[in-house]
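In terms of the working numbering, the sequence shown is numbered consecutively and its last residue is 382.
Note that CB positions come from ideal geometry on N, CA and C, so glycine has one too.
All of these numbers come straight from a predicted model, not from anything done at the bench.
Worksheet for the structure shown next.
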Amino acid sequence: MSTARPSLRLGAAERERLRAGAAELSVELDRTALSRLVRYVDLLDRWRSSANLISCRSADELIERHLLDALVCAWPCAAASAVADLGSGAGLPGLPLAIVAPERRTLLVEPRRRRASFLREVKRELDLPHVQVVPVRVEEYAHVEVEPVDVAVSRAVWSDDRMLRFAAPWIREGGLLFCLRSLTHARPPAPPFVLEQSPEYHPSPRIHRRLDVYRKPSTSTECFT
């Protein structure tokens with residue numbers, strides 16, 4: 158006998174936990190941002206089986222392991238005019254970052270057809286005109302016509318030498334790459350990047366993660382800060 162998956166939708170208590178958790182990360186969710194995050198979760202819940210989007214057992218797990226984990230990058234990305242989520246999947250961390258900064262150009266790089274379709278639906282339903290879904294593999298930057306960004310973010314799991322090599326063309330000189338990782342994930346040799354810092358962070362008291370921050374060297378004195 159089949160068992161229905163538990164709903165991921167956010168009730169009043171879950172919305173308050175999300176709002177409070179974001180505030181702990183110095184991210185203030187106004188009414189519009191919170192409403193969009195709730196709508197995003199509704200769409201994620203509806204699509205997750207057909208597009209194999211995400212594995213979650215509860216709304217609380219979604220908040221802690223995915224939404225707040227994504228919002229860790231919101232403050233470090235605040236000054237960026239353009240952000241790329243490399244290997245976006247279900248839109249994490251790119252869509253929460255776009256929701257809290259809707260005027261910023263955000264690229265969601267995702268080659269899988271069903272997942273790219275989901276991302277387009279979220280863009281349309283949430284009225285996020287500055288979000289662009291880029292349906293290519295990360296290593297296929299040469300096949301698209303997009304300007305390099307100030308900051309790229311990724312939760313994707315690749316071998317690290319490939320990750321850094323493929324990410325480089327998406328980021329302008331002096332720009333940053335944020336990799337959200339488990340504490341046990343190895344820190345690879347960084348070329349063509351420089352590893353600047355690797356702070357631990359805690360999207361919830363039960364979850365311990367690491368943010369590896371890489372800078373792409375600049376041939377000039379200009380850099381993103």
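- In this structure, the CA atom of Arg281 is about 34 angstroms from the CA atom of His365.
- For His342, the secondary structure class from DSSP, reduced to helix, strand or coil, is coil.
- Closest in alpha carbon position to Val310, among Leu285, Ala255 and Ala299, is Ala255.
- Note on geometry: alpha-carbon atoms of Thr263 and Leu201 lie some 19 angstroms from one another.
- Residue pairing for Ala309: DSSP places it in a beta bridge opposite Ala241 and Leu334.
- Using a Cβ distance threshold of 7 angstroms, Phe335 and Val370 count as a contacting pair.
- Apart from the 5 residues on each side of it in sequence, Pro163 sits with its Cβ closer than 7 angstroms to the Cβ of Arg214 and Ser215 in its chain, given in chain order.
- With a beta-carbon spacing of about 19 angstroms, Leu243 and Tyr197 fall beyond the 8 angstroms limit used to define contacts.
- For the 7 angstroms CB-CB criterion, Arg270 and Val290 do not form a contact.
- Remark: C-beta atoms of Ser192 and Trp232 do not approach each other more closely than 7 angstroms.
- In the same chain as Asp226, and ignoring 5 residues on each side of it, the C-beta atoms closer than 8 angstroms to its own belong to Leu249, Pro250, Arg312, Leu337, Pro360, Ile364 and Arg366, in chain order.
- Taking 8 angstroms as the upper bound for CB-CB distance, Pro356 and Leu368 are in contact here, some 6 angstroms apart.
- Classified as buried, Arg329 has 16 or more neighbouring CB atoms from the shown chains inside 10 Å of its CB.
- Of Ala299, Leu228 and Ala273, the smallest CA-CA separation from Val288 is found for Ala273.
- Bridge pairing for Val370: Phe335 and Gln354 [DSSP].
- Using a Cβ distance threshold of 7 angstroms, Pro305 and Pro268 do not count as a contacting pair.
- Its chain contains Phe323 as the residues whose beta carbon lies nearer than 6 angstroms to that of Glu296, once the 5 sequence neighbours on both sides are disregarded; these appear in chain order.
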